[in-house]
Structure formats: C-alpha cells, structure tokens
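Number of protein chains: 2
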Amino acid sequence: MSVDNIPKIVISRLPVYLRALNRMVQNSQLVTSSHELGKALGISSAQIRKDLSHFGEFGKQGTGYQVEFLITQLRQILNLDREWEVAVIGSGDIGHAITRYQGFADRGFRVTAIFDSDPSKVGTKINGLEVQPADDIIKVLRERNIQIAMLAIPAEYAQSATDTIVEAGVRAILSYAPISLNVPDHVKVRYIDPVTHLQSMTFYLSTEDDLLTQPL
Amino acid sequence: MSVDNIPKIVISRLPVYLRALNRMVQNSQLVTSSHELGKALGISSAQIRKDLSHFGEFGKQGTGYQVEFLITQLRQILNLDREWEVAVIGSGDIGHAITRYQGFADRGFRVTAIFDSDPSKVGTKINGLEVQPADDIIKVLRERNIQIAMLAIPAEYAQSATDTIVEAGVRAILSYAPISLNVPDHVKVRYIDPVTHLQSMTFYLSTEDDLLTQPL
C-alpha cells in the first residue's frame, strides 16, 4: 500500500467510519453493511466500499462486515494500534477544554504536555498536568519524541508557535487558530473551524418565506 | 435548484472554498482557477468544477473565476447574505472559547445568547454577554427566533439539552459533545470532534522503523 496513492479525502473518512463502528460495538452489534454504515453517516454505500477497497477486502458480498474485525483493521491502517502522546500549546479556554476532553480515551491519544508563554499560568495544573513554559517546548518535545500537537493560541501567535513545534519534530498539527499555517511538506495540518460547520448548515435553513408556512 | 438533490458532501465543501477565496481577497487577488483552488485545498480541480456546476456557471473556460463574484455567489447559496444569531449552550471552557472566538466576524454569525444550568455562572458576563439560566432557553430562543445553537456541555447532558433547543425551534446544531445526538429530520447536526482530525493524520505518521532513518 503506497500512502501517496490514496486520496486525502478517503483517509479523512476512515476515522468517521471507525467512530460509527465503535458505536455499533457499544450497542453489541456484531455485523454491519456498507448500506447501513452509509445510511448512518450520509455517505453512499458505493463510496464506503470504494474507500475500503484501497486497503483490501474487509467484507463478503451478502454477509457484510464483521464490526470488531473492521475496527481492528481500521485502527491498524490509521496507526492507532498504539497510543500517541499529544502536546497542547496554549492554556487558555480552548487549551483547558482540550486537556480535559474526555473523548481521547481509548481512541489512540493522550495529552501529556501543555505549554503557555504567560508566566502566571506556568506551574498551574490542568487535569493533573502542569503547564510548562513555552521556552521549554523544543527541549520537552524532542526528549519525549512527541510528534503531535494541538494549537490553542490566538491567530497572531500561531505561525511562530508552529515554527517552534515543527523545529521540535512535530509532524501533525491540529489548529484551532483561524488562520492558515505554513509548514514544510512532511508536516500535516488540520484545522478546527466552527464557522465552516455552521456555514454548511445555513444552506438548509429556510428564509422568512418558509418560516411563514411553519406550524406555530 | 432543489436542496435535496445536492449531496451533503458538496455543501460541506462550499464553506472551505469560501474561506480560501476570502484569503485570496485579503491578498488582493482578483482571479483564480479551479486548478489553483484545488492545489490550495488538496481537492482535484475536476471535483471543484463539478461541485460548483450544481449551482450554475461561475467561470469561463480559460479565464477562471472572478474571486469577488464567486464569494458573493457562494454566500448567497449558503444563505450567508445575512447575519445569523447563534445561542451557546454551556458556559464552561468550550462555551467561553466559542463566545470569545474572533473567527465569526464577517462570516455570517454572531453569538447573542449563552446559557448555563449552574446558578453560580448565571449572571456572569462573557465578552459582554450575560449568561442566562438554562430554564430560559425555550423562552429566549423562541422570542428571538434563534435557529442555530452550539452545544458546549458534557456528553451526559447533551441529548436532553438538544431536545430542549429543538423544542425551542433550533434547526441547526453544532455539537462539541462526543456523542451522537438524536434529532428530528428537519434539524441538522454537525459535530466537532478533534479525535477524528488527529486520526486522519496518524495515518501519515511513520512508525519506529521510519524514525530510525530520520536525521538526528
């Protein structure tokens, strides 16, 4: 399997499949189909079969997918059969929320370092984790070989913080700052921007005309 | 144009195009092409042309797209040629961060109400906005016809809060809670889950073998 031959958009859908499959396991469901998965996710069953076909044969015509087996396969493909350490840059509202986020558990990640440039925040604890000075980012990340970071700082500081963590060896960045970051080719960046999600819903919101026809 | 005939995935890409076009305007760029847009976004130019063709003809063969014109069209398609009021449910870390988020400005949204069930938080102010009691959600949202809400509360309260805001008339929900919500067909839901973004990057992160071949 060559990593470069698989479209980025396909890779971005695998975690969504994985989340849906984990929900099925929680509900004690053993078998599913591309049709059922697609219905739950708003994706065509043909698309799901095509996405998975990049990586092998995971189901049989007529019998569907074994849920646990497909989960194991997807976790292997996504390199989630280990736990990744994650550094959080910035201990403001978002940094706090990420560090305390319950959703990382059992999904491959653990926040093990948090940094801030504000001396009044350094030394405070979030979820048992001590906030370290921003000046120590390179030293700490290199020592512990941390390759993933989440950026939770204002837009104006985001690029210089990015340069620092890339120098420290980070190769995957999830940014909450509403600006586009420049990184070398070997570094991946994803953005969390609530506005693009909101904008994808306003398309469906009716305007005044429709409201008038709604039952009171 | 029938809303139902256009794949959800196409709609979800339009805000991403819009964001890229807005960056071009900031850089005083007047014209672009599907090729250039695609390169910036990691999407094929054919896909971009196909997505836009659902809504009409926005560019000419050989001359590309007028950036400002395409922005105006996309804003109209996405119902962003007005400002939408947004309610934030929960005034914890994430609720705080959302309410203070600078990225809403000029992109179609304004947070105009925030609620919390914790009496010690009610009456405090975030970004000049007073936190209101959760018991007032239905009254306030109905009075002001607020149709969009962002859920920033723990997973265990997310479904009951969803039921409340849907009863109040909300038809678009952006949830930060790591659970799947049940809503009636007329309500749209999007989820912000940092883990799925992280998982889409670990695919590209090399394992120990590769690390050994990296320069020190």
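Those sequence lines, one after another, are chains A and B. With this note's numbering, letter number 3 in the first sequence gets 3, and the count goes up by one each step, no holes. With this note's numbering, letter number 99 in the second sequence gets 1099, and the count goes up by one each step, no holes. Note that beta-carbon positions come from the ideal geometry of N, C-alpha and C, so glycine has one too. These numbers were taken from a predicted model, which means no experiment stands behind them.
Within-8 Å CB hit, A172 of chain A to chain B: Position 172 of the first sequence, counted from the start, is the residue given in the question as residue 172 of chain A. So, interface residue.
Interface flag, L1216 of chain B vs chain A, CB-CB below 8 Å: Here the question's residue 1216 of chain B lines up with position 216 in the second sequence. Here L1216 of chain B scores only 40 on pLDDT, less than 50, and its place in the model should not be relied on; the value that follows carries that caveat. No, because no Cβ of chain A sits closer than 8 Å to the Cβ of L1216 of chain B.
Whole-angstrom distance between A113 of chain A and H1054 of chain B, CA atom to CA atom: Counting from 1 along the second sequence, the entry for residue 1054 of chain B is found at position 54. Counting from 1 along the first sequence, the entry for residue 113 of chain A is found at position 113. Taking the straight line joining both Cα atoms gives about 46 Å.
Span of the beta strand (DSSP E) around D1116 of chain B: For the purposes of this step, residue 1116 of chain B is taken as residue 116 along the second sequence, with counting starting at 1. 1109 to 1116 is the span of the beta strand (DSSP E), which, as asked, contains D1116 of chain B.
Coarse secondary structure for P1133 of chain B, derived from DSSP in three states: Translated into positions along the second sequence, residue 1133 of chain B becomes position 133. Three-state result, P1133 of chain B: strand.
Proximity of G103 of chain A and P1178 of chain B at Cβ, strictly below 8 Å: Here residue 103 of chain A is taken as the residue at index 103 of the first sequence, counted from 1. Here residue 1178 of chain B is taken as the residue at index 178 of the second sequence, counted from 1. Against a cut-off of 8 Å, the Cβ pair of P1178 of chain B and G103 of chain A comes out as a contact.
Interface flag, Q132 of chain A vs chain B, CB-CB below 8 Å: Looking up residue 132 of chain A in the first sequence gives position 132. No, because no Cβ of chain B sits closer than 8 Å to the Cβ of Q132 of chain A.
Same chain, Cβ closer than 7 Å to H1186 of chain B, five either side skipped, listed in chain order: By one-based count along the second sequence, residue 1186 of chain B stands at place 186. Around H1186 of chain B: R1171.
Residue range of the alpha helix (DSSP H) that includes V189 of chain A: Counted from its first residue, the first sequence places residue 189 of chain A at position 189. Note, V189 of chain A: premise wrong, no alpha helix (DSSP H); beta strand (DSSP E) at 188 to 191.
Residues near V1025 of chain B by beta carbon distance below 8 Å, same chain, minus five either side: As a first step, residue 1025 of chain B is located in the second sequence; it is residue number 25 there, counting from the start. These residues qualify, in order along the chain: V1067, E1068, I1071.
N27 of chain A: contacting residues in chain B (beta-carbon distance under 7 Å): Here residue 27 of chain A is taken as the residue at index 27 of the first sequence, counted from 1. In chain order: nothing, as chain B lies at least about 11 Å away.
C-beta contact flag for R142 of chain A and A158 of chain A at 8 Å: Along the first sequence, read from residue 1 onward, the residue named residue 142 of chain A stands at position 142. Along the first sequence, read from residue 1 onward, the residue named residue 158 of chain A stands at position 158. No, Cβ-Cβ distance for R142 of chain A and A158 of chain A is not below 8 Å.
Whole runs of the beta strand (DSSP E) within the stretch 17 to 75 of chain A, excluding any shorter than 3 residues: 64 to 66
Proximity below 8 Å, CB of Q147 of chain A to CB of V140 of chain A: Looking up residue 147 of chain A in the first sequence gives position 147. Looking up residue 140 of chain A in the first sequence gives position 140. Not a contact, by the Cβ cut-off of 8 Å.
Buried or exposed (CB count within 10 angstroms, at least 16 for buried), L1212 of chain B: Taking the first residue of the second sequence as position 1, residue 1212 of chain B is located at position 212. Residue placement at L1212 of chain B cannot be trusted, given a pLDDT of 45 that sits under 50; the coordinates are not used to answer.
Any chain A beta carbon closer than 8 Å to D1210 of chain B: Within the second sequence, numbered from 1, the residue matching residue 1210 of chain B stands at position 210. Confidence at D1210 of chain B is low in this model, with a pLDDT of 48, below 50, so the placement of that residue should be treated as unreliable; the coordinate-derived value is given next. D1210 of chain B does not count as touching chain A.
8 Å CB neighbourhood of W1084 of chain B in its chain, flanking five on each side removed: The residue you call residue 1084 of chain B lines up with position 84 of the second sequence. Cβ neighbours of W1084 of chain B beyond the five flanking positions: G1108, F1109, R1110, Q1147, I1148.
Unbroken stretches of the beta strand (DSSP E), 3 residues or longer, contained in the stretch 124 to 172 of chain A: 129 to 133, 148 to 151
Burial state of D210 of chain A, where buried means 16 or more other Cβ atoms lie within 10 Å: For the purposes of this step, residue 210 of chain A is taken as the residue at position 210 of the first sequence. Residue placement at D210 of chain A is flagged as unreliable, the pLDDT there being 48, under the threshold of 50; the coordinate-derived value follows with that caveat. So D210 of chain A ends up on the exposed side.
Closer than 9 Å at the beta carbon, the chain A residues around R1049 of chain B: Translated into positions along the second sequence, residue 1049 of chain B becomes position 49. By Cβ distance, chain A contributes nothing, its closest Cβ being about 16 Å from R1049 of chain B, past 9 Å.
Chain-ordered residues of the stretch 1180 to 1209 of chain B with a beta carbon less than 7 Å from chain A: S1180, K1188, R1190, I1192, D1193, P1194, V1195, T1196, H1197, L1198, Q1199, S1200, M1201, T1202, F1203, Y1204, L1205, T1207
Contacting residues, own chain, Cβ-Cβ under 6 Å from F1115 of chain B (five flanking each side not counted): Along the second sequence, read from residue 1 onward, the residue named residue 1115 of chain B stands at position 115. Same-chain partners within the cutoff: I1089, Q1132, A1134, I1137.
Unbroken alpha helix (DSSP H) run spanning V195 of chain A, endpoints: Numbered from its first residue, the first sequence carries residue 195 of chain A at position 195. Taken as a continuous stretch (DSSP letters only), the alpha helix (DSSP H) holding V195 of chain A covers 194 to 202.
Beta carbon of L64 of chain A nearer than 8 Å to that of S28 of chain A: Position 64 of the first sequence holds residue 64 of chain A. Position 28 of the first sequence holds residue 28 of chain A. What sits at residue 64 of chain A in the sequence shown is Gly, not Leu. Contact flag unset, no.
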